[in-house]
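K.L.:
The following block contains the structure, expressed as structure tokens.
Dropping the structure here:
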């Protein structure tokens, strides 16, 4: 089977391009582009490619959306909501006998921060807070839960999970895996956008869709607060805690996320490097070591190599 990419660098460049399109507010074009790349594989008989090619975002349903009306019960003033794929290994989830696996979504709630005022930030101002797959507000949520769930993606998501080959094979199978995972992330992004358009929001929140350690780690704004303003519904004005909703559709997650991803204030990387310039080389090495990490299980080996390099550098400087 002929490959879509010459190597992993081309894979990475293509997925980065798709993420950039999402961040610019072009999810439909991003889905069309990834599907063009999937067509030859589907024609050659790849089931995974066919699933990614044929899943209509309109078939995807978000459950628990009404729970967003309860954010007023949280302490603080919530101005942004993040909806993330969470790596199924966090929950010990695997595809069932039919290869079906519903994704687990984590919902993160953010207040305005010094680094970004979500309540007034334009899309361009939000984009300024991204650096590669990292964002300045990463981990800075005020609350987190599993209030929102998704259905309709189980066959594709389960097939992606089953195709998650150790070592990420650098061949046509690896290309299909990357393309299908990208398509899955884009479809969730589109499902969130379409749900906002049809069900509205209780307030003009900025809405982000991202990933908690789930490949391809896309992270992009669906709407800024200003873009969301036309979709605010009077009937959805805040009232009632998100976890007290009568909507029973959200049942594939749990509230344990709050203990796994506890809130923490984090200074920006730029601030740390200004205060500690001696870390610049280490930061550059860290970026190189983690650049090609595709799955959570590969993080520790990459960090192990990084630690060994840092120790060698330290010993060299002591001589």
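Numbering (the working numbering), first residue to last: 47 to 365. For every residue, glycine included, the Cβ atom is placed at its ideal position computed from N, Cα and C.
1. Quick check on residue 279: does DSSP put it in helix, strand or coil?
2. Can you tell me whether residue 127 is helix, strand or coil according to DSSP?
3. What is the rounded straight-line gap between the Cα of residue 109 and the Cα of residue 196?
4. Can you tell me which of the three DSSP states residue 191 falls into?
5. Rounding to the nearest angstrom, what Cα-Cα distance links residue 138 and residue 248 in this structure?
6. Taking Cβ to Cβ, would you say residue 264 is nearer than 9 Å to residue 64?
7. Whole angstroms are fine: how far does the CA of residue 141 sit from the CA of residue 204?
8. Run through DSSP, which three-state label would residue 146 get?
9. In whole angstroms, what separates the C-alpha of residue 92 from that of residue 193?
10. If I follow the unbroken beta strand (DSSP E) through residue 257, where does it start and stop?
11. So, helix, strand or coil for residue 134, using DSSP?
12. Should residue 368 go down as buried or exposed, given a rule of 16 or more other Cβ atoms within 10 Å for buried?
13. Enumerated in chain order, which unbroken segments of the beta strand (DSSP E) with a length of 3 residues or greater are wholly contained in the stretch 51-82?
14. Out of 172, 253, 256 and 262, which has the shortest C-alpha to C-alpha gap to residue 221?
15. According to DSSP, simplified to helix, strand and coil, what is residue 153?
16. Determine, using beta carbons only, whether residue 128 and residue 152 come nearer to each other than 9 Å.
17. Just how far apart, CA to CA, sit residue 198 and residue 226?
18. Let me know the secondary structure DSSP gives residue 177 once reduced to three states.
19. Give me the residue from 81, 61 and 52 with the minimum Cα distance to residue 97.
20. Suppose the cutoff is 7 Å on Cβ atoms and the five residues either side in sequence are ignored; what does the same chain contact list for residue 164 look like?
21. Determine the DSSP secondary structure at residue 49, reduced to helix, strand or coil.
22. For residue 274, does the three-state DSSP call read helix, strand or coil?
23. Assign residue 215 to one of three DSSP states: helix, strand, or coil.
24. Is it buried or exposed, residue 177, if we count other Cβ atoms within 10 angstroms and call 16 or more buried?
25. Return helix, strand or coil for residue 267, following the three-state DSSP convention.
26. Beta carbon of residue 181, beta carbon of residue 260: below 9 Å?
27. Going by alpha carbons, who is nearest to residue 279 out of 267, 246 and 258?
28. Out of 58, 61 and 269, state which residue places its alpha-carbon closest to the alpha-carbon of residue 167.
29. By the three-class DSSP mapping on this structure, what secondary structure does residue 365 have?
30. Looking only at its chain, what residues have a beta carbon closer than 7 Å to the beta carbon of residue 250, apart from the 5 residues adjacent to it on each side?
31. In the DSSP assignment, find the unbroken alpha helix (DSSP H) run with residue 93 in it and report its ends.
P.N.:
The answer reads as follows:
1. Collapsing the DSSP output to three states places residue 279 in coil.
2. Strand, per DSSP.
3. Their backbone Cα atoms lie some 6 Å apart in a straight line.
4. If DSSP states are grouped into helix, strand and coil, residue 191 belongs with the strands.
5. The straight-line gap from Cα to Cα measures roughly 33 Å.
6. Yes. Within cutoff.
7. Rounded to whole angstroms, the separation of the alpha carbons of residue 141 and residue 204 is 5 Å.
8. If DSSP states are grouped into helix, strand and coil, residue 146 belongs with coil.
9. Each residue's Cα considered, the two are about 34 Å apart.
10. Residue 257 -> beta strand (DSSP E) spans 252-258.
11. Helix.
12. Nothing can be reported for residue 368, as the shown portion of the chain is limited to 47 through 365.
13. Note on the stretch 51-82: there is no whole beta strand (DSSP E) run with a minimum of 3 residues.
14. The residue with the shortest Cα to Cα distance from residue 221 is 262.
15. Of the three classes helix, strand and coil, the one that applies to residue 153 here is strand, per DSSP.
16. Yes. Within cutoff.
17. Rounded to the nearest angstrom, the two C-alpha atoms are 15 Å apart.
18. Strand, per DSSP.
19. Measuring from the Cα of residue 97, the nearest candidate turns out to be 81.
20. Answer for residue 164: 125, 126, 156, 158, 252 and 271, listed in chain order.
21. Of the three classes helix, strand and coil, the one that applies to residue 49 here is coil, per DSSP.
22. DSSP, read as helix, strand or coil, puts residue 274 in helix.
23. Three-state result, residue 215: coil.
24. Per the 10 Å Cβ criterion, exposed.
25. For residue 267, the three-state secondary structure derived from DSSP is strand.
26. Result no, Cβ atoms of residue 181 and residue 260 do not sit closer than 9 Å.
27. Sorting 267, 246 and 258 by C-alpha distance to the C-alpha of residue 279 places 246 at the top.
28. Of the candidates 58, 61 and 269, the one whose C-alpha sits nearest the C-alpha of residue 167 is 269.
29. Confidence at residue 365 is low in this model, with a pLDDT of 46, below 50, so the placement of that residue should be treated as unreliable; the coordinate-derived value is given next. Three-state result, residue 365: coil.
30. Cβ neighbours of residue 250 beyond the five flanking positions: 271, 274, 275 and 278.
31. In this chain, the alpha helix (DSSP H) harbouring residue 93 covers 93-100.
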